[in-house]
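Below: one structure, written as structure tokens.
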Amino acid sequence: MKSTILSTIACLSVSGIASAATYIWNGNANDQNWSSAGNWDGGTAPALLSSPSGTYDTIIFDGSNMPTANVPGYASGTNINSSNLQFNSGGTFSFSLSGSFGSAPISNTSRTWLTVGDGIGTAGDVTVNMNDATTLYRHSSNTLNYLVNSDGVLNISSDLNLYADNNKHVTFTLNGGSLISTGAVTTSFNNGDNLTDSYFLFDAVGSSFTANYGGVFTDFVSLQADTTNKLRTASGLSLDFTDNGTSFTVTAVPEPSSLALLGLGSLSLLTRRRR
């Protein structure tokens, strides 16, 4: 039996098939240095933000601080498997996409590759700055999702250029968190109007999205007219639009019918208490 297992491992090794690894940042060395073994469970730091071909490593940040020194980039090349990045801990993390395919992550499977916040802390506890993105891709007929929870803020220092083409989705799920772009929302490589497949889903009250006018949102009128296309809401939510001048902010609020039901419930509770 033992020889069979060893033979199987050898075959997997020879064939180049690797298994995905999980790395957990605990920050225990207190120097915020990515390379310090004491900052990682098991004492091993991932060498890159990308994974070996055919795998998707997971890097979890679960300490009282974030790494700020010796943060690695992506492997150079044209086909980059981005690791799954999950930010639970407080603080700010910054990374660059300049070494990845088209300066963006890609995926051969549908997955949430970037999670900002774990929904436990208070608003703004976790901030992730994503720099040098050009086009936010997906690969094949898959969905590449970005999730921002209620304690998270995702800053993208560029236009949000979404690749939309035939069932190939780029999505942002805003579960109470904030997404901020320093540029406008644009699209590329679309066959016809497939923009409904690249969208922003406001999944909880308080979710917000801020970006500049231009691209697909040319002005305030075009923004407000897009609630069934790129801007979508979960059940019971509606969108509040704020014109900031050259930019806009969209925030999820309870829809009027939900507020009315909430008011009736409160009135009923007060009536029962008086009795």
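Residues -20 to -1, 1 to 255 in mature numbering (1 follows the signal peptide of the UniProt record, and there is no 0) are what the sequence shown spells out, letter by letter. For every residue, glycine included, the Cβ atom is placed at its ideal position computed from N, Cα and C.
**Asked** Is Ala49 near Ser78, with beta carbons less than 9 Å apart?
**Response** No.
**Asked** Is Val230 helix, strand or coil by DSSP?
**Response** Note: Val230 maps to strand in three-state DSSP.
**Request:** For the beta strand (DSSP E) holding Val106, just list the boundary residues, first then last.
**Result:** Segment Val106 to Asn111, the beta strand (DSSP E) holding Val106.
**Message:** For Ala1 and Ser62, I'd like the C-alpha separation in whole angstroms.
**Reply:** Each residue's CA atom was taken as its position, placing Ala1 and Ser62 some 13 Å apart.
**Prompt:** Across which residues does DSSP place Phe152 in a beta bridge pair?
**Reply:** DSSP output for Phe152 lists Tyr126 and Phe180 as bridge partner(s).
**Prompt:** Excluding the five sequence neighbours on either side, which residues of its own chain have a C-beta within less than 6 Å of the C-beta of Ser138, listed in chain order?
**Reply:** Apart from sequence neighbours up to five positions away, the residues of its chain that approach Ser138 with a beta-carbon distance below 6 Å are Ala113 and Gly163, ordered along the chain.
**Residues near Ser(-8) by beta carbon distance below 6 Å, same chain, minus five either side** = Residue confidence is low: Ser(-8) scores 34 on pLDDT, short of 50, so the model does not pin down where it sits. No coordinate-derived value is stated.
**Message:** For a quick check, are the C-beta atoms of Thr190 and Leu154 less than 9 Å apart?
**Reply:** No, the Cβ-Cβ distance between Thr190 and Leu154 is not below 9 Å.
**Message:** Taking the straight line between their C-alpha atoms, what separation do you get for Phe221 and Pro26?
**Reply:** Approximately 41 Å between the Cα atoms of the pair.
**Message:** By DSSP's criteria, Asn50 is part of a beta bridge. Which residues make up the other side?
**Reply:** For Asn50, which the question treats as bridged, DSSP gives no partner whatsoever.
**Message:** Suppose contacts are defined by Cβ-Cβ distances below 9 Å. Is Gly216 in contact with Ser187 by that definition?
**Reply:** Going by C-beta atoms, Gly216 is not nearer than 9 Å to Ser187.
**Request:** Compare the C-alpha of Lys210 against each of Ser161, Tyr36, Phe75 and Val196 and name the closest.
**Result:** Out of Ser161, Tyr36, Phe75 and Val196, Val196 has the C-alpha closest to the C-alpha of Lys210.
**Request:** Give every residue of the same chain whose Cβ lies closer than 6 Å to the Cβ of Val165, excluding the five residues on either side of it in the sequence, and list them in chain order.
**Result:** Taken in chain order, the residues that qualify are Leu140, Ala191, Gly195, Val196 and Phe197.
**Asked** Excluding five sequence neighbours on each side, which residues of the same chain lie with their C-beta closer than 8 Å to the C-beta of Leu124?
**Response** Taking Leu124 as the centre and dropping the five residues before and after it, the same chain places the C-beta of Pro85, Ile86, Ser87, Ser90, Arg91, Trp93, Leu116, Tyr117, Arg118, His149, Val150 and Thr151 closer than 8 Å to its C-beta, in chain order.
**Item:** Cutoff 7 Å; reference Asp42; Cβ partners in own chain excluding five residues on either side
**Value:** Setting aside the 5 residues that flank it on each side, Asp42 is surrounded in the same chain by Ile4, Trp5, Asn6, Asn68 and Ser69, each with a C-beta closer than 7 Å to its C-beta; the list follows chain order.
**Request:** Pick helix, strand or coil for Asp11, following the three-state DSSP scheme.
**Result:** The answer is coil: DSSP assigns Asp11 none of H, G, I, E or B.
**Asked** So, is Pro236 buried or exposed, given that buried needs 16 or more other C-beta atoms within 10 angstroms?
**Response** That one is exposed.
**Prompt:** Looking at the unbroken beta strand (DSSP E) that takes in Leu77, where does it start and where does it end?
**Reply:** Premise fails: Leu77 is in no beta strand (DSSP E) and is neither H nor E.
**Request:** State the start and end residues of the unbroken alpha helix (DSSP H) segment that holds Val201.
**Result:** Here the alpha helix (DSSP H) through Val201 covers Phe200 to Gln204.
**Request:** In angstroms with no decimal places, state the Cα-to-Cα distance between Ile39 and Asn135.
**Result:** Answer to the nearest angstrom: the Cα atoms are 19 Å apart.
**Message:** Given a cut-off of 9 Å on the beta-carbon distance, is the pair Ala232 and Ser218 in contact?
**Reply:** Result yes, Cβ atoms of Ala232 and Ser218 sit closer than 9 Å.
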